[in-house]
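2 protein chains.
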Amino acid sequence: MSVPSGDPRARLAAPHTLSHSFEPLTPTAFLRRAARVHRDRLALVDGERRITYAELERRTLGLAGSLAARAEQGERVAVLATNSSVLLEAHYAVPFAGAVMVPLNHRLAVPELSYILEHSRATLLLCDEGLAARGEEVAAALGGGLEVVVEGEGYEQLVAAGEGFEPEPPQETGLLSLNYTSGTTGRPKGVMYHHRGAYLQALAMAWHARLEPGSRFLWTLPMFHCHGWCFTWAVTAAGGTHVCLRETQPKAIWAAIESESITHLNAAPTLLLSIAATAPSLVAHRATSEGVPPIRVATGGAPPTPTLLAELAELGIEVTHLYGLTETFGPVAICEWKPEWDALPGERRAALKARQGVGNLIAEPLRVLDAEDADVPADGETVGEVAVRGNDVMLGYYEDPEATNAALRGGLFHTGDLGVMHPDGYVELRDRAKDVIVSGGENVSSVELEAALASHPAVFEVAVVPAPHPRWGERPVAYVVLRPGQSAAAEDLNAHVRERLAGFKAPDAYEFRAELPKTATGKVRKFVLRDEAKALQLDQSPSC
Amino acid sequence: MSVPSGDPRARLAAPHTLSHSFEPLTPTAFLRRAARVHRDRLALVDGERRITYAELERRTLGLAGSLAARAEQGERVAVLATNSSVLLEAHYAVPFAGAVMVPLNHRLAVPELSYILEHSRATLLLCDEGLAARGEEVAAALGGGLEVVVEGEGYEQLVAAGEGFEPEPPQETGLLSLNYTSGTTGRPKGVMYHHRGAYLQALAMAWHARLEPGSRFLWTLPMFHCHGWCFTWAVTAAGGTHVCLRETQPKAIWAAIESESITHLNAAPTLLLSIAATAPSLVAHRATSEGVPPIRVATGGAPPTPTLLAELAELGIEVTHLYGLTETFGPVAICEWKPEWDALPGERRAALKARQGVGNLIAEPLRVLDAEDADVPADGETVGEVAVRGNDVMLGYYEDPEATNAALRGGLFHTGDLGVMHPDGYVELRDRAKDVIVSGGENVSSVELEAALASHPAVFEVAVVPAPHPRWGERPVAYVVLRPGQSAAAEDLNAHVRERLAGFKAPDAYEFRAELPKTATGKVRKFVLRDEAKALQLDQSPSC
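As given, the protein sequences belong to chains A and B, one line each in that order. To convert, note that position 181 of the first sequence is 180 in numbering that gives the first Met the number 0; the numbers rise steadily by one, no gaps. To convert, note that position 256 of the second sequence is 255 in numbering that gives the first Met the number 0; the numbers rise steadily by one, no gaps.
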C-alpha cells in the first residue's frame, strides 16, 4: 500500500497519502476533464475564433511544452492582455508548464508594469495583439531580461513546438500565480495564489453561479483581476463556453449577449448601470415573455442599489452579490439567496441583496472583529473589520514579510473592510477602513450616504469621500453623475439625504461630474476624488 | 508565516501549509456552514419530526461530545438504521467526535452483522427504534463489548450530555468510515473512506444533481450504502432539506413526493420501475403543465431502460445515470448529458443515457484496461476491466492487505466490471463482474451463496447465477448437484441458506442436475447456466 518511489506523486503527496486515492488539486484538472467529456464542444469564442475543448487542451499543452523546455520549474510568465484567447490559454498553459502566472492589469502605466515585472522576476511576457507595442515598451524600459511573445506568429510557434507535452502534477499548496494588487497606498503587492485554493474556489463559483455545460459566459470582468474571480477555471469545470470581449463597451456587450446567447456574466455595479441604461428595447420585451431563462449576473466591488436591481430585473437579469478581494481568490463571500426571500417586498429584497453575505460553499466563515481581534456582537450595528481564513486565502504577499505579517496577524486575513454582522449571520460592509469619514468624532459611512443619494431619481452614480474640515476634522463630499436629461440641484439632493439620514451625515458639498474616475474593474478610484476633495475649502459654519 | 505551535492544525497540515490558508477538507464542514447560513431552514424531515440546520448542528455536536468523552479518537461507531434522523445525524456526530463510522446494511442476518461489528472493532452501536431488537440480538451474539444505544431516551441523553462540544479538525486523508461491501468473495470487506474524498465527492454530487437551497431530497436510496452516494453530505452542502423515508414502498414514496414537494431522489432502476408503475394519475397530468420543474432522479446499479426513461419523462421525472462502487464513494462516473443531445430521437437518447459515462467533476478519468493493464482501444467494442484512481477512491480494505493489493494493483482501483470505451470517451459496461447478482440495487455475492449451500451435507457441487426478474432486476438461481445417495429438497436448502445469510440473498429457484457444465480445466461454465437461467419464469412475489 505504499507509494512506489518511481511514482511522480511520491514526492508531492504527504507521506500518509496513497497515489491511488490522492491527486493534487489544481484548476488545470478542469480542462483535462472538459477536453475528454466536452471535446468537440465550444470552449472559447474570441471574435472570429472558435476553439473546442479538445483544441484548447492541445494548444495549451503545446504552449506549456515550449515554456517547460525553455526554463526551470517556477519560472514567472507574465501576461499583458485584454479578455482574449491568449489570456485564457495562459491560465492553463502556464501552470501545465510548472511555471507561475503573473496576470497584469493592462491599464497600468509603463513604470507600474515595469515594477511588477521586475519584482516578480518575470522572464517571459505574453501579449495580445492590441497590447504588443505596450509590451515591447515595457521590455525596453526594463533594459533586457524580458522576452516578449506576441499573439500571432511567435505565439503560434510556441504552441506548435511543444506539442505532445504531458504535464506533471503540481504540489497542491504550491505557488500558482502572483496577482499584483493595485493597493491604494504605496507599491503593488504580489498576492501568492495556490493550486488548491483556485481549484476549490472554481468549484464553489461553478455551483453558486449555476454554471452548466450549456452555459455561455461573457467575459466583461477582466480575466487579469483575481483570474476573473476564478471563473477562468469555473466555466471550464462546468463545460460551458467562454465568450471573450476585448473591449467592454455596453453596445459590444449587448451585441454579444444577443449573438452568442449569453447566459452568464460578471460585472461591477458601475458597468451594470451602463448595461441597464443601454439595453435594446427588444430585450426588455423578450425578458418578460415566459420560458426565457434569466441571464445570471454576479456582481461585486460595491453593493447593487435597489434601483439597479429593479432595472435589471425588468431586463430578465438575475443578480447575485459577491464579495471578496485579490487576497481571497476573489469572491470569498456570497449574499446567498434563500428561496423564502422571493416573497418579500422589493425594497426589503434589495436591502437583503445589498449585504455581502456569508462565506461561499468552500470558504470558512467571515468574521467581524474589534480592535483586539475579538468577534463583535452580531447585532447589525457594531462595526468591526472583516477577516477570514481558509482554503481560498492567499499564501502571503510575495517577498513582503512585513505586509504579510500585518495582513495575516493571528492566522486571519484582515481585509481592511469595515462591516457589521447581522443577527442572521450575514455580513454587511459599512466601508473600507480608509473610506470612513470621521466627523467630530462620529463615524459617517460613505456607503450609507451613497445608497441614500443613489435612491434619488436624478442620480445615475455617486461617490462620497471625506474632505478636511477645520472644525470637524473631516466632512463628507459627494461626487455626483446625473442621469442623462435629468437635473437636480445640491439643495434637492441634500433635502433627499436629510429625509433619510441624520442631519450630521449630509454632505457639505456636492460636485457634479460627467463621469467618475474608475479602475479597470469598474471600481470608483476614490483616492483620486479624495485628493480633489482636499482642495475644497469647506465652509466653517456648523455642519452638524 | 509559520504555524504557531499552539495551533491544533500545526500537527495536521503538511509542513509547507499555513493555517490561514489551509483547512482540512471534511464533509462535516458543510453542516457547519449550513448551520450558519440556513440556520432556521429545514434540514431534516423524518415523519413528524422537523429539524432545522441550527438544531441539527446542535444535536450532532452534542452527540459528538458524548462520543468523544467516552472513548479515544478513532473509536468505531456502528449504525443500524433505516433512512432516519438517527442515521443522518450519525453522518455528522461520528466524524465530529473524531470517531470512525460503520454504517450497517440492516437487511443482513445476525451472523453477518456480528462479523462486521467484530471485524471493525465497533464498541458502540446506534440503532433506530425499529431495529432496536435486532441491535440487542447482535450485541448478545457478540457476548459483550458492544454498547447499544437506541433512538429515544438513551440517544437523547447522549445528545444532551455533550452539549457545547467543539470538534477538532481531522486529518483530511484520515479514516472517516468503514463501509462493508459484500463483493464477489465470501466475507464482506471494510472499505476505508477518507474525509477528503467524501468532501470532494459531495461537492461533485451537489453540482451534478443541481442541488440548491430550495431542494427537497427524498431518501429512498439507503443512506447506509456508500453514505447514500455521499448525498448525506451533498444535500447539506446545498442547504436543501433531507426528507427521510424509513420504508421505501412506492405508495409511501408518492405520498412523500406530494406532501413534501420533493425535487430530487436517488433510486435503482428496479425501484424506479415500481415508482413509475404506481404513479397517481394526478402526477402525469401535472407534469405536462408548463412551469412545473422536473423531479431530478439519479439512478445507478443498472442502466435505465428506454421504456423506463419514457415512462418517467411522462411523469416529469428527469433521470441522470451514475455509476460507481462502494470503493469509489459511490458515483465516480456520470453519464454527463450534453445540451445538444436533447434534439436526438428518443431511442438514441436512451442509448446514450444507458452508458455509465465519464469521471465526475472531481474524479480522474475512467479507464478500460486489458489483461496487462493497458488501455483498450476506444472503439466501443473491445471489452476490458474498468479501473480508476483519484480523490474519490478508497484508502483500501480494512485489515485485508491481500484484497487491497489485488484491487489496487498498479495504483489503480480495478472495479471488476467489464466495459468498453466509446470513441467519444464515454464508458459503457458490458457485464457486471460476472459473479455479482444485482437484486433491487443490492449486491448479492454468488460466491457467498455457493459457500453457504456447499456447507449443506447433501450438496456435492453448486453454482449460483443471476436470472432476470421483473421486479428486482436479477435474482439468484442455484444449480445443485447432490452427493450420491443423498437427498435434499429445495425447501431444505433454502432453510439452510436463511440460517446463514440475509433472507433477500436466498435463491429464488433451485435446479437439480447430475453434473454442471465445465471447461476443460474444470471451471464451471457459468455463462451456460446464465443462459439457461434466462429461460426461468421467476415468481413475481416479493423475494426480498
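Glycine is no exception: its CB is placed at the ideal position from the N, C-alpha and C atoms. Small disclaimer: the values here were computed from a predicted structure and weren't measured.
Annotated three-state conformation of R470 of chain A is coil, per DSSP.
One finds T172, N390 in chain A with Cβ atoms closer than 7 Å to the Cβ of F21 of chain B, taken in chain order. In the displayed model, V234 of chain A falls within a helix according to three-state DSSP. Taking a Cβ-Cβ threshold of 7 Å, none of the residues of chain A is close to V234 of chain B; the smallest such distance is about 13 Å.
Residues of chain A with a Cβ closer than 8 Å to the Cβ of E335 of chain B are, in chain order, V36, P212, G238.
When only Cα atoms are considered, V101 of chain B and M420 of chain A end up about 39 Å apart. D530 of chain B and V78 of chain B have their alpha carbons spaced roughly 40 Å apart. The DSSP-derived three-state label of I274 of chain A is helix. No residue range can be given for R512 of chain B, since it is assigned to no alpha helix (DSSP H) and is classified by DSSP as neither H nor E. In this structure, the straight-line span from the alpha carbon of V464 of chain A to that of P506 of chain A is close to 9 Å. Chain order gives the chain B residues near S18 of chain A as R388, G410, where near means a beta carbon separation below 8 Å.
Around the beta carbon of R482 of chain B, fewer than 16 other beta carbons lie within 10 angstroms, which makes this residue exposed.
Assigned with DSSP and collapsed to three states, H193 of chain A falls in strand. Closer than 8 Å to the CB of P465 of chain A there is not a single CB belonging to chain B. By alpha-carbon distance to E398 of chain A, the top candidate from A:L324, A:H118, A:L500, A:T247 is A:H118. Within chain B, R35, V36, R38 have C-beta atoms less than 8 Å from the C-beta of G424 of chain A, given in sequence order. Runs of the alpha helix (DSSP H) lying entirely within the stretch 306-371 of chain A, each at least 4 residues long, are 345-352 in chain order.
Identification of chain B residues near A205 of chain A by a Cβ-Cβ cut-off of 9 Å yields W206, L360, ordered along the chain. If you check the CB distance, L145 of chain B and A138 of chain B come in under 8 Å. The three-state reading of DSSP puts N265 of chain B in strand, counting E and B together. For a Cβ distance threshold of 7 Å, residue set R35 of chain B lies close to P364 of chain A, ordered along the chain. For G153 of chain A, no CB of chain B lies under 8 Å from its own CB, so it is not counted at the interface with that chain. The beta carbons of A406 of chain B and E326 of chain B sit closer together than 8 Å. Where G64 of chain A is concerned, the enclosing alpha helix (DSSP H) starts and stops at 52-69.
Contact note: M393 of chain A reaches chain B through S20, using a C-beta cutoff of 8 Å and chain order. At a beta-carbon threshold of 9 Å, none of the residues of chain B lie near L481 of chain A; the nearest stands roughly 39 Å away. Fewer than three pairs of CB atoms, one per stretch, sit closer than 8 Å, so the stretch 301-310 of chain A makes no contact with the stretch 211-225 of chain A. Pairing G415 of chain A with V426 of chain A gives a Cβ-Cβ distance that is not under 8 Å. Pairing D127 of chain B with S83 of chain B gives a Cβ-Cβ distance under 8 Å. Across the structure, D39 of chain A and V282 of chain A are spaced so that their CA atoms are roughly 31 Å apart. Residue pairing by DSSP puts V437 of chain B in a beta bridge opposite B:N442. In the structure shown, G153 of chain A falls within a helical segment according to DSSP collapsed to helix, strand and coil.
When Cβ-Cβ separations below 8 Å define contact, H468 of chain A makes no contact with chain B. Distance from the Cα of R133 of chain B is smallest, within the candidate group B:R120, B:A121, B:V149, for B:V149. The stretch 164-176 of chain A and the stretch 377-384 of chain A do not touch, with fewer than three beta-carbon pairs separated by less than 8 Å. At a cut-off of 8 Å between beta-carbon atoms, G418 of chain A makes no contact with chain B.
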